[in-house]
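S.K.:
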Amino acid sequence: MIKQIYFDAGKVIFTRKAPDGDHIAEILGFSKEDYGDIMQKIIELQSKKENDKFWSIRTIEDEYLYLNEFHRKMCEYLKHPYDDELITKLSECRIKADFVINDGVVETLKILKSKYKLSILSNALPS
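Each residue of the sequence shown is one higher than the last, beginning at 5 in the numbering used here.
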């Protein structure tokens with residue numbers, strides 16, 4: 005007998021209208037297709053301390069601190085000039101993303117809620 009149903013938040017409950025990488029690529033002047041490769045390279049260049057910092061993000065403030073440093077490194081890697089305003093803008097592409105609730109989710113959750121205890125389980129960042 006089902007007692008509780010868990011849902012993953014990302015791509016199940018909600019989806020981004022446009023990937024954050026599209027916006028960041030546009031701002032920094034490279035193709036959105038290259039974003040994944042560039043982001044992966046920055047991650048590979050991180051120290052263990054920086055990697056641990058990512059995995060210990062628990063608050064929006066922690067997320068901003070991590071992302072600001074990540075985007076500084078991205079600009080340095082790309083040899084793109086930056087200032088605090090640009091770094092904040094890049095981080096906000098991630099934190100203030102344009103999420104939308106997927107079609108049919110609200111109706112489905114209302115039906116399920118009448119019969120089951122519902123929970124969301126996600127490894128998503130606080131934002």
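Virtual Cβ for every residue (Gly too), placed ideally from N, Cα, C.
What you are looking at is a predicted structure, and each value in this text was computed from that prediction instead of being measured.
1. Figure out for me which residue from TYR81, ASP88 and GLU80 has the closest Cα to the Cα of LEU69.
2. According to DSSP, is LEU71 part of a helix, a strand, or is it coil?
3. Look up LEU122 in the DSSP assignment and say whether it is helix, strand or coil.
4. What residue from VAL16, LYS15, LEU125 and LEU32 has the CA that sits closest to TYR81's CA?
5. In whole angstroms, give me the CA-to-CA distance for VAL110 and VAL16.
6. Less than 7 Å between C-beta atoms, sequence neighbours within five positions excluded: which residues of the same chain meet that for VAL104?
7. Since VAL140 is in the alpha helix (DSSP H), which residue starts that stretch and which ends it?
8. Using the Cα positions of SER35 and LYS57, report the straight-line distance between them to the nearest angstrom.
9. Going by DSSP in three states, GLN50 sits in which element: helix, strand or coil?
10. So what does ILE6 bridge to, in DSSP terms?
11. Does the beta-carbon of ARG98 have 16 or more other beta-carbons within 10 angstroms, so that it is buried, or is it exposed?
12. With H, G and I counted as helix, E and B as strand and the rest as coil, what does DSSP make of ILE17?
M.R.: To lay it out plainly:
1. Taking the sequence shown and counting its residues from 1, the one referred to as residue 69 is at position 65. Ranking the options by Cα distance to LEU69, first place goes to ASP88.
2. Within the sequence shown, numbered from 1, the residue matching residue 71 stands at position 67. In this structure, LEU71 counts as helix in the three-state DSSP scheme.
3. If you number the sequence shown from 1, residue 122 lands on position 118. Note: LEU122 maps to strand in three-state DSSP.
4. Position 77 of the sequence shown, counted from the start, is the residue given in the question as residue 81. Closest by alpha carbon: LEU32.
5. In the sequence shown, the residue the question calls residue 110 occupies position 106. In the sequence shown, the residue the question calls residue 16 occupies position 12. Going from the Cα of VAL110 to the Cα of VAL16 covers about 12 Å.
6. Counting from 1 along the sequence shown, the entry for residue 104 is found at position 100. Excluding sequence neighbours, VAL104 sits near PHE18, THR19 and LYS21.
7. Because the chain is modelled from 5 through 131, residue 140 falls outside the range shown and cannot be assessed.
8. As a position in the sequence shown, residue 35 is number 31, starting the count at 1. As a position in the sequence shown, residue 57 is number 53, starting the count at 1. Whole-angstrom Cα-Cα distance: 28 Å.
9. Counting from 1 along the sequence shown, the entry for residue 50 is found at position 46. Coil, per DSSP.
10. Along the sequence shown, read from residue 1 onward, the residue named residue 6 stands at position 2. BP columns for ILE6 are empty, so no partner.
11. Counting from one through the sequence shown, the residue named residue 98 turns up at place 94. When all chains shown are included, ARG98 counts as buried.
12. Along the sequence shown, read from residue 1 onward, the residue named residue 17 stands at position 13. ILE17 falls in the coil class under three-state DSSP.
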